Amino acid sequence: ETLAERIAGSCLEDARVRVARVRVEKLAAIPEAVSVGVEIERLRHHS
């Protein structure tokens, strides 16, 4: 989750980017699953 937040934040530093959607998936993180992951979406707020 932290990695996804950092990537989205980095993308939003570019003024041309309005939305950043990041998906991070880790294979074989736990024995019971093929993979685990997180997807986040961050929007630029205009003031």
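With the sequence shown counted from 1, adding 80 to any position gets you this note's numbering.
Just so it is clear, CB atoms sit at the ideal spot from N, CA and C, and this is done for glycine as well.
Being a predicted model, the structure only gives us computed values, none of them experimental.
Sequence-distant residues of the same chain with beta carbon closer than 8 Å to L83, five excluded per side: V104
Beta-bridge pairing of G89 - partner residues as DSSP gives them: According to the DSSP secondary-structure assignment, G89 is paired through a beta bridge with no residue.
Under 8 Å between C-beta atoms of K106 and G89: no
Bridge partner(s) assigned by DSSP for E121: Bridge pairing for E121: R101 [DSSP].
Straight-line gap, E121 to A100 (C-alpha atoms, nearest Å): 6 Å
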